[in-house]
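Each remark here refers to the structure printed beneath this line.
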Amino acid sequence: MGGTAVTAVVERGRIPRVVPVLAVSIFALGTSEFMIAGLLPELARDLAITIPQAGYLISAFAVGMIVGAPAMAVLTLRLPRRTTLVAALTVFALGHVVGALAQDYALLMAARVVTAVATGAFWAVAAVVTVSSVGPRDRARALSVLLAGLTVANVAGVPLGALIGQQWGWRAAFWAVGALAVAGIAGVLLSVPRRVEGTAPPRISAEVAAFRKGRLWIAYATTAAYQSAMIGAFSYIAPLLTEVTGLPSEWVPAVLLGFGVGCLAGVLIGGWLADAHPWSTLFVALAAGGLLFALIALFARVPALVVGMVVLLGVVAFVAGAPLNARVFTLAGAAPTLASASNTAAFNVGNTLGPAFGGIAISAGLGFTAPSWLGVGLIIVAIALGLVSWQLDRRDP
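Position 397, counted from 1, in the sequence shown is what our numbering calls 1451; the numbers after and before it change by one each time, with no gaps.
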């Protein structure tokens, strides 16, 4: 018993340098994924396309992540993880060079898909490197540091990309993200070992075998339902604030910044709590998210309440993300790469379905509060799936 206690103390250590280094690259990847939303008018004018056509560049990225993450995980499985990370960032950087130079919509679309595939490959392997660099008691906390790169991208990178695009054109934003990726390559080369000592190259058969676990698929479904709820509601926050709440459009960036700051706080809180209390952290965060969706819909015409609840929604959204990510690695065991890639795909399934469901509800005449009510329903689905997983763990730990 004494030895176990000492081991636990030793394992609960500092997050190694490689994790924040990878988070910097995630910042570049996350900025690229979402900055298009702030560049739509400039893109549409320059390429002589409609705003909806420009918006398809966002959907194409999500689809590229869904397909690319698992596919690239299999294709690069036998490569050293550092090699895969460097290759992914190189393709990502080159994709932004091609995008910046593109003179037609088709080439830019192709560049977005290629960079999305590279992004999926990087996400999957970066998560595996992060988990393998710490002990089991620090797994969720380390993953939350990695995820903080994406959060900071939403808080700072996306608005900065929009600002660069407005000042110097949308192509300048692509050049800037490509330069960040090159800096990320240098960081990976300096911090990620060629291969972890004492480990054999992964085997595809072992990775695929992990998918025989029904619990893993339940975990993916939980992730997809949760992400659909969050992204589906968040995608239509701006028109809710202006058309229903009655806030001037100038206030929208400030509210979104508050949401982003809440996300950053949620990442850190979730990382600290989820290692010791994974299930309670998940269920409390999901329940709080569902409650906030309902309150936003019910009190949509009360500005002070809506703004405060949007900020709180950012907190609970990313608190839930920590246990969801950590559970996949717990279930994957010694075959984490493909499982991690598929979890990345599950998040992007949510990124694709959530806004689509919300758009359908709004188009049906249900109003801009409909995505929030839809979020309540999807959160209930996520909680139900989580309860199934919890019961299975109780029966067979």
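In this text, a Cβ means the ideal position worked out from N, Cα and C, and glycines have one as well.
query                                                                                                                                                                                    : result
Counting Cβ pairs closer than 8 Å, one from the segment 1342-1356 and one from the segment 1156-1171, do we hit at least three?                                                          : no
If you run the structure through DSSP and keep just helix, strand and coil, what is ASP1473?                                                                                             : What the structure shows of the chain is the stretch from 1055 to 1451, and residue 1473 is not part of that stretch, so it cannot be assessed.
Can you give me the C-alpha to C-alpha distance between THR1406 and PRO1213, rounded to a whole angstrom?                                                                                : 22 Å
Determine whether the beta carbon atoms of ILE1239 and LEU1143 lie at a separation below 7 Å.                                                                                            : yes
Take every Cβ of the segment 1115-1123, pair it with every Cβ of the segment 1439-1446, and state whether three or more of those distances are shorter than 8 Å.                         : no
Give every residue of the same chain whose Cβ lies closer than 7 Å to the Cβ of GLY1252, excluding the five residues on either side of it in the sequence, and list them in chain order. : The predicted position of GLY1252 is uncertain, since its pLDDT is 43 and thus under 50; a value taken from the coordinates is nonetheless stated next. Nothing listed; no residue qualifies.
Under 8 Å, with one C-beta from each stretch per pair, do the segment 1354-1361 and the segment 1379-1395 reach the 3-pair mark?                                                         : no
I need the DSSP call for ARG1135, collapsed to helix, strand or coil.                                                                                                                    : helix
Assuming TRP1326 is part of the alpha helix (DSSP H), what are its boundary residues?                                                                                                    : 1306-1328
Give a yes or no on whether the C-beta atoms belonging to LEU1204 and ILE1080 are separated by under 7 Å.                                                                                : yes
For ALA1098, collect the residues of the same chain with a Cβ closer than 8 Å to its Cβ; drop the 5 residues on either side in sequence, then sort them by chain order.                  : THR1104, ILE1105, GLN1107, ALA1108
Applying the 10 Å Cβ sphere with the 16-neighbour rule, what's the burial state of PRO1307?                                                                                              : exposed
Taking only runs of the alpha helix (DSSP H) that begin and end inside the segment 1126-1203, which ones reach a length of at least 4 residues, in chain order?                          : 1135-1155, 1159-1186
Assuming LEU1301 contacts LEU1310 (C-beta within less than 8 Å), just tell me the rounded distance between them.                                                                         : With a Cβ gap of about 12 Å, LEU1301 and LEU1310 do not count as contacting.
Cα separation between VAL1236 and ALA1194?                                                                                                                                               : 28 Å
With 16 as the cutoff for other CB atoms within 10 Å, does ILE1414 come out buried or exposed?                                                                                           : exposed
Which of helix, strand or coil does DSSP assign to PRO1074?                                                                                                                              : helix
For my contact list, ALA1393 and LEU1270 are in at a C-beta cut-off of 8 Å; report their separation, rounded to the angstrom.                                                            : 6 Å
Leaving aside the five residues before and after GLU1065 along the sequence, list all residues of the same chain whose C-beta is less than 6 Å from its C-beta, in chain order.          : Reliability of the predicted coordinates at GLU1065 is poor, the pLDDT of 46 falling under 50, and the value obtained from them is presented with this limitation in mind. GLY1189, ARG1191, listed in sequence order.
Taking 6 Å as the limit between beta carbons, can you name the residues of its chain near ARG1225, skipping five residues before and five after?                                         : ALA1154
Below 8 Å on the Cβ atoms is my guess for ALA1339 versus SER1198; work out the distance and round it to an integer in Å.                                                                 : About 13 Å; that fails the 8 Å criterion.
Just reading off the alpha helix (DSSP H) that ALA1424 is part of, what are its end residues?                                                                                            : 1424-1449
Restricting to Cα atoms, I'd like to know which of ALA1172, VAL1128, LEU1101 is closest to GLU1087.                                                                                      : ALA1172
Is TRP1177 closer than 7 Å to THR1391 when the C-beta atoms are compared?                                                                                                                : no
Pop quiz: VAL1078 and LEU1243 are said to be a contact at Cβ under 8 Å. What is the actual Cβ separation, rounded to whole angstroms?                                                    : Contact flag wrong, Cβ pair sits at about 13 Å.
Quick one: Cα of ALA1207 to Cα of MET1089, how far?                                                                                                                                      : 9 Å
What do you get for GLY1219, buried or exposed, if any count of 16 or more other CB atoms within 10 angstroms of its CB means buried?                                                    : buried
For VAL1246 and ARG1135, which I take to be in contact (beta-carbon distance under 8 Å), what is that distance rounded to the nearest angstrom?                                          : 7 Å
Could you pull out every residue in the same chain whose Cβ sits closer than 8 Å to the Cβ of GLY1412, ignoring the five residues on either side in sequence?                            : GLY1286, ALA1287, SER1289, TYR1290, ALA1424, PRO1425, LEU1428
Is it buried or exposed, ASP1158, if we count other Cβ atoms within 10 angstroms and call 16 or more buried?                                                                             : exposed
Can you give me the Cβ contacts of LEU1359 inside the same chain, cut-off strictly under 6 Å, excluding the 5 residues immediately before and after it?                                  : PHE1353
At the level of alpha carbons, what is the spacing between LEU1420 and ALA1283?                                                                                                          : 17 Å
Which word fits LEU1217, buried or exposed, when buried means at least 16 other C-beta atoms lie within 10 angstroms of its C-beta?                                                      : exposed
In terms of residue numbering, what span does the alpha helix (DSSP H) encompassing ILE1416 cover?                                                                                       : Taken as a continuous stretch (DSSP letters only), ILE1416 belongs to no alpha helix (DSSP H), as it is neither H nor E.
What's the C-alpha gap between TRP1444 and TRP1333?                                                                                                                                      : 7 Å
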